[in-house]
Every structure is written in C-alpha cells, then in structure tokens.
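One structure is given here, and the rest of the page talks about it.
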Amino acid sequence: MQFTFFHLMPYRPLDMVERHKHRAAWVVLPNELYDPKKGADEYHSYIEQLVYAEKLGFDIISVNEHHQTATCLDVAAPLSLAILARQTSKGRICILGNPIANRADPIRIAEEMAMIDCISRGRLDMGFVKGVPYEFPASNQNPVGVMDRFWEAHDFILKAMTSHGEPFNWDGRFYHYRNVNLWPRPFQQPHPPIWCPSQGSRETIEWAAHPDRKFVYVQTYSPAETVARFLDNKLRVMFWYRSPRDPQLVFGAQLQLPRLIADLRPVVKVEAPLHEEVCVALLDDTARPLAT
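Adding 12 to a residue's 1-based position in the sequence shown gives its number in our numbering.
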C-alpha cells in the first residue's frame, strides 16, 4: 500500500464573513477578497508543505488545479509540478488532475508533461480529468461534448508522446495539427503512468480499466463510507479486465485527521484551514470484490 499527499492549496486568509455575502466561493467571489501579499505567503507555505511531505515518507506528492475560486490557489498545476520536480528527489509527483478537455491546445499539455518528466528524471504520474462544472466559465469551453473532447485530447497526447519517427498530422473532430513532433520526449517510455480520477462514473471506470489502457483508476476525494459503498461495483468492473493481483486500484478517502494536523504544527505553519480533512489516496494490491 502507498500513500499520496494531496493538496488543494486553499486561500486560508479568506474573510468568511465577506465570503458568505456571496452565493459561492467559485466563479462569482470578488477577487478583491484576495490579498496578493498574503497569497504569496500561502504559495510559499504550501510548496514547503509539499516538499516536506516527501521527507515524512509519503510515496506520491499530488497537486490539483481549479480556477476562479478561493478553495484552490493552484491555478496552473504544471507550474507546481515543475517546482516539485526540482525540489524533491525520491517520491513520485502526480498531477491529479489535468483538465485536458478544457485546454485549447493539447500539444502544449504533452510538452509540459514531457518536460516535467525529464526534470524529475522519470517520477511523473499524469492524471487526466474532465473537470468540475465550475471550470467551464474560466476556460470558456462549451460543456456540451466535453467527454468527446476529453477522449480526443487523451488520444492525441499519447500519440504525440509515443511517436518517435517522422512528424505526423492530426485531423480530429476538435483538434487539427500539422507536423506534430514532440520535443522533449518524456523520460519514461512509452509515456508516464496515467491516473484516471472519477467520482464514480461507470463509463470512466470501464474506460480506464480496458486492456488497451489499464490506467490507475482513482475514486476521488470521497468519504470513507462512500468508498465502501462503491467498492463492490467498481471492483467488479475492474476485474472484468484485470487479474486479481493487478495493483492499479486507488481509492481516495477523505479522512478526519486532527492528530496529523497537530503533529504537523511544530514543523509547518498550520492554521484553521477551509477544510479540516486530508485526502489520502491508498494504492492497494490486495483489494478484492465484496461479492461475486
């Protein structure tokens, strides 16, 4: 079993009285509530926490990105990963995830991930996500057809990473390129491992588990009871395609960890966060279906 340290980087100095004068902390919250000086301190604090997580023994250091929200200051997770690629040395680093359907240029995603994989000398895991509905205003993307864009962006990124000969052309439904020739190539061959986070879509589970892919499936940021409720269905689907000892099963449990927070206080600055939970991903190669 492996443990992942996952961070959303919330804006902790947020004035909650002012926040509750507005209908949400996403999209519509005025950015006048953000203090750049305090925000700079937050970024430095969070990077220090992520780097220190490796010293604490976490196997994987994971970041995410969201937009136009006080709940996540990490608006460009590839930038965070680039810092971690240089500041850490042993643990895996993971983007969980990269909203590939909301970005207009998947070749740029392939380049960023390949560069980070090289800087880290092959420690990158790539998580591809559709993104939550709140992301569409920030990306100016049409939510209609988002999964079709996701599938095509995924296929294009992997082709760009695994094509080592002459440049190729791509004429898809959403993306059109001439002379695709990825420089640099990823450190890991044929490409870095891919994680597929989801909140329980059977379509996503079947897609991730298919023999053509066999990606790590992640049940994301869920209360422990939710993970338990979904275990049976998800493992049934996975074992249609996989051997019983296939380790690529990940369940993220949202756990109450006041003891961990107390233990961290002498080491890093830990104040009252927006959430009192820590998300821990468990990679378990002994999982079994609850029923047959």
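C-beta atoms are modelled at their ideal positions from N, C-alpha and C, and glycine is treated no differently.
Is the beta carbon of residue 106 sitting closer than 8 angstroms to the one on residue 16?
-> Walking along the sequence shown from the start, residue 106 turns up at place 94. Walking along the sequence shown from the start, residue 16 turns up at place 4. Yes, Cβ-Cβ distance for residue 106 and residue 16 is below 8 angstroms.
Based on Cα-Cα distance, which residue from 60, 77, 31, 34 lies nearest to residue 151?
-> Here residue 151 refers to the residue found at position 139 of the sequence shown. Nearest option by C-alpha distance: 77.
With DSSP as the reference, label residue 151 as helix, strand or coil.
-> Taking the first residue of the sequence shown as 1, we reach residue 151 at position 139. Residue state, collapsed to three classes: helix.
When we look at the beta-carbon of residue 308 and count the other beta-carbons within 10 Å, is it buried (16 or more) or exposed?
-> No statement about residue 308 is possible, as the shown extent of the chain runs from 13 to 304 and does not include it.
Along the chain, where does the alpha helix (DSSP H) that runs through residue 92 open and close?
-> Counted from its first residue, the sequence shown places residue 92 at position 80. Counting along the chain, the alpha helix (DSSP H) containing residue 92 begins and ends at 89-99.
Classification of residue 188 by the beta-carbon crowding that lies within 10 angstroms, buried from 16 upward = As a first step, residue 188 must be located in the sequence shown, where it is residue number 176. With fewer than 16 Cβ atoms within 10 Å of its Cβ, residue 188 is classed as exposed.
Every unbroken alpha helix (DSSP H) within the segment 38-77, with a cutoff of 4 residues, ordered by chain | You should have 48-68.
With distances taken from CA atoms, which of 209, 126, 29 is nearest residue 195?
-> Within the sequence shown, the letter at position 183 stands for residue 195. It is 126.
Just confirm the distance between the C-beta atoms of residue 72 and residue 137, as a whole number of angstroms; I'd bet it's less than 8 angstroms.
-> As a working note, residue 72 is residue 60 in the sequence shown. As a working note, residue 137 is residue 125 in the sequence shown. The pair is a contact, with the Cβ atoms about 7 angstroms apart (cut-off 8 angstroms).
Could you spell out where the beta strand (DSSP E) holding residue 158 opens and where it closes?
-> Working through the sequence shown from its first residue, we reach residue 158 at position 146. That residue, residue 158, is in no beta strand (DSSP E); its alpha helix (DSSP H) goes 158-174.
Give the DSSP-derived three-state secondary structure of residue 141 in the structure shown.
-> For this step, residue 141 is matched to residue 129 along the sequence shown. Of the three classes helix, strand and coil, the one that applies to residue 141 here is coil, per DSSP.
Would you mind sorting residue 145 into buried or exposed? The rule is 16 or more other CB atoms within 10 Å of its CB.
-> The count along the sequence shown starts at 1 and reaches residue 145 at position 133. Exposed: under 16 other Cβ atoms inside 10 Å.
In three-state terms, what does DSSP make of residue 183?
-> Mapped onto the sequence shown, residue 183 falls at position 171. Three-state result, residue 183: strand.
The alpha helix (DSSP H) spanning residue 190 covers which residue range?
-> Here residue 190 refers to the residue found at position 178 when the sequence shown is read from its first residue. Unbroken run through residue 190 is the beta strand (DSSP E), 188-192; no alpha helix (DSSP H).
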